[in-house]
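Quick notes on the structure that follows.
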Amino acid sequence: MLKRAIDPLRILINDSRFTGVMLIVCTVVSIFLANFSGFGAAYKNLWDMEWFTAHFHLPETLLSWINNYLMAFFFLMAGMEIKRELVTGELSSFKKAVLPFGAALGGMIVPALIFAYFNIHTHYSKGWGIPTATDIAFSVGIASILGKRVPVGLKILLMALAIIDDLGAIVVIALFYGGHINMVFLGIAAALYLGLIGCTYFKLKFGVVQIVLCFGLWFALFNSGVEASIAGVLIAFATPVGILPEFEKYIHRYVNFLILPLFAFANTAILLPANIMGSFGSTLSLGIMVGLVLGKPIGIFLFSRILVALKVASLPRNVNWKQVFGMGALAGIGFTMSIFTTMLAFKTEAFRDIAKVAILSSVLVSLVFSMIYFYLTSPKVLHEHEESKAVKQPVGAEGEFALNLSEA
Numbered sequence: 000m001l002k003r004a005i006d007p008l009r010i011l012i013n014d015s016r017f018t019g020v021m022l023i024v025c026t027v028v029s030i031f032l033a034n035f036s037g038f039g040a041a042y043k044n045l046w047d048m049e050w051f052t053a054h055f056h057l058p059e060t061l062l063s064w065i066n067n068y069l070m071a072f073f074f075l076m077a078g079m080e081i082k083r084e085l086v087t088g089e090l091s092s093f094k095k096a097v098l099p100f101g102a103a104l105g106g107m108i109v110p111a112l113i114f115a116y117f118n119i120h121t122h123y124s125k126g127w128g129i130p131t132a133t134d135i136a137f138s139v140g141i142a143s144i145l146g147k148r149v150p151v152g153l154k155i156l157l158m159a160l161a162i163i164d165d166l167g168a169i170v171v172i173a174l175f176y177g178g179h180i181n182m183v184f185l186g187i188a189a190a191l192y193l194g195l196i197g198c199t200y201f202k203l204k205f206g207v208v209q210i211v212l213c214f215g216l217w218f219a220l221f222n223s224g225v226e227a228s229i230a231g232v233l234i235a236f237a238t239p240v241g242i243l244p245e246f247e248k249y250i251h252r253y254v255n256f257l258i259l260p261l262f263a264f265a266n267t268a269i270l271l272p273a274n275i276m277g278s279f280g281s282t283l284s285l286g287i288m289v290g291l292v293l294g295k296p297i298g299i300f301l302f303s304r305i306l307v308a309l310k311v312a313s314l315p316r317n318v319n320w321k322q323v324f325g326m327g328a329l330a331g332i333g334f335t336m337s338i339f340t341t342m343l344a345f346k347t348e349a350f351r352d353i354a355k356v357a358i359l360s361s362v363l364v365s366l367v368f369s370m371i372y373f374y375l376t377s378p379k380v381l382h383e384h385e386e387s388k389a390v391k392q393p394v395g396a397e398g399e400f401a402l403n404l405s406e407a
């Protein structure tokens, strides 16, 4: 009796669409707690509370720990998926591997140009980097909700594009928004990473040496001024393909049911300004919203189309151009990096409030548009029993469930 009751819940939880739904729920709850619960200031202060001082060279607040440390494990899982696809899967040829780089470039240039069109001669001009970002956790989570309407190859492309976009955003912040790079720590990080690659090259069994190098790499990157969570991608790329499934088996539950919910709660603890409607008439708001909602899909689609037309790149298997445009709409969910760039671009609180409202509104519009778009243009082709089989597929001797892109 108990087993019959638990099995449907277990199947639901191990369906990757559940992760996307959970992210949306956490976001809604967090915004409610921050603005309509009666203790919004205390809730926001919870995430901004200092745990360590700068003397420890560690993240100082709970929000910083989540974004810099815990999210490294999410990027580790994402990086493992991408490496597997680069070696044996959808991105294993040069033409397919180059596509996400070009798409990410288009998804940054076009939104920046749109923002500049609205704000080039205004006090908001420094905010051009805000609409160039893609939030990997939210965009991939929404893709998971859409299930079989988003082909596996398209999800891989979206994840690769989002990670490249994130790296691009870090470069933009470092070069144009006063991001300070500590070359000593960056050099230490490079040396540690070479050591990690050396372990793989000489086929050293994974153990204490690699673990120490991994944590050292994260610490060095954090103190170098580079986004520390990217250490997860670097570690994944330096890890032998053969042991990736074992890594995923141990971390995927923690990532999906602890790290991502904490990420959603912490990054949506935003106090909305009193005059929300008035902010939409600002050119700052227009530049951000049009840049993310329209600029992202247009830029990604155009640059991808050009690369394929020039025969430099090729589309993943079972992916068409309608779906690429829809993927661009998903990439318009900027959120975390957009808010982070906002805090660096503007010192005036009023400007920040306008930008935050525009970013949150863009998330909602991009989310609704992309879901409607995929439901209309990509009808579900698998029969119900086939989908059920995909969701229930066990891995390992213990019959545990793997939660990866191919299940959605």
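In terms of numbering that gives the first Met the number 0, the sequence shown opens at residue 0 and continues consecutively.
Where is the CB? At the ideal position from N, CA and C, for every residue including glycine.
Quick caveat, the model's predicted, so the values are computed rather than measured.
So, using beta-carbon positions, are residue i and residue j closer together than 8 Å?
i: ALA354; j: ILE287; result: yes
i: VAL289; j: SER303; result: no
i: LEU261; j: ILE23; result: no
i: LEU366; j: ASN34; result: no
i: LEU160; j: ALA77; result: no
i: LYS113; j: GLY294; result: It should be pointed out that residue 113 corresponds to Ile in this sequence rather than to Lys. Yes. Within cutoff.
i: LEU98; j: ALA312; result: yes
i: GLN209; j: LEU195; result: yes
i: VAL109; j: ILE297; result: yes
i: PHE73; j: ILE258; result: yes
i: LEU61; j: ALA265; result: yes
i: PHE339; j: VAL362; result: no
i: VAL364; j: VAL292; result: yes
Apply the 10 Å Cβ neighbour rule to residue i and answer buried if 16 or more other Cβ atoms are within range, or exposed otherwise.
i: VAL254; result: buried
i: ALA41; result: exposed
i: THR341; result: buried
i: TYR374; result: exposed
i: PHE218; result: buried
i: ASP352; result: buried
i: TRP46; result: buried
i: ARG316; result: exposed
i: HIS122; result: exposed
i: HIS251; result: buried
i: ASN44; result: exposed
i: MET182; result: exposed
i: TYR68; result: buried
i: LYS95; result: buried
i: ALA308; result: exposed
i: SER36; result: exposed
i: GLY325; result: buried
i: ALA263; result: buried
i: GLY186; result: exposed
i: HIS382; result: Because the pLDDT at HIS382 is just 40, under 50, the model does not fix this residue reliably, and the value given afterwards should be weighed accordingly. Exposed, since its Cβ has fewer than 16 Cβ neighbours within 10 Å.
i: LEU174; result: exposed
For residue i, I'd like the list of residues in its chain whose CB is within less than 6 Å of its CB, leaving aside the five on either flank, ordered along the chain.
i: ILE249; result: In the sequence under discussion, the amino acid at residue 249 is Tyr, which differs from the Ile named in the question. None.
i: LEU285; result: PHE117
i: MET107; result: THR131 and GLY167
i: ILE30; result: THR267
i: SER337; result: ILE129, ALA132 and ILE358
i: LYS125; result: ALA344
i: THR376; result: LYS321
i: GLU226; result: ILE169
i: ALA111; result: TRP127 and THR131
i: LEU220; result: ALA188, ALA227 and ALA230
i: LEU203; result: none
i: PHE368; result: ALA328
i: CYS198; result: GLN209
i: THR282; result: PHE117, ASN118 and THR121
i: PHE350; result: none
i: LEU487; result: Residue coverage of the chain in this structure runs from 0 to 407, which leaves residue 487 outside it and unanswerable.
I'd like to confirm the pairing. Which residues does DSSP put opposite residue i in its beta bridges?
i: GLU49; result: THR60
In chain order, what residues of the same chain have a beta carbon less than 8 Å from the beta carbon of residue i, not counting five sequence neighbours either side?
i: LEU243; result: MET79, LYS82, ARG83 and ALA235
i: CYS213; result: LEU195, ALA230 and ILE234
i: GLU245; result: none
i: PHE51; result: LEU57, PRO58 and GLU59
What does a CB cutoff of less than 7 Å around residue i pick up in its chain, not counting 5 residues either side in sequence?
i: SER360; result: MET288
i: ILE275; result: VAL356
i: ALA71; result: TRP217, ALA227, SER228, ALA230 and GLY231
i: GLY152; result: GLU89, PRO315, ARG316, ASN317 and VAL318
i: LEU184; result: Looking at the sequence shown, residue 184 is not Leu but Phe. Closer than 7 Å at the Cβ level, and outside the excluded window around PHE184, lie ALA219, ASN222 and SER223.
(Q) For the structure I just gave you, are there three or more beta carbon pairs, one from the region 226-233 and one from the region 165-176, closer than 8 Å? (A) yes
(Q) Below 8 Å, how does it come out for the region 134-149 and the region 328-339: are there three or more Cβ pairs, yes or no? (A) yes
Q: Would you check if there are 3 or more beta carbon pairs closer than 8 Å linking the region 151-163 to the region 82-101?
A: yes
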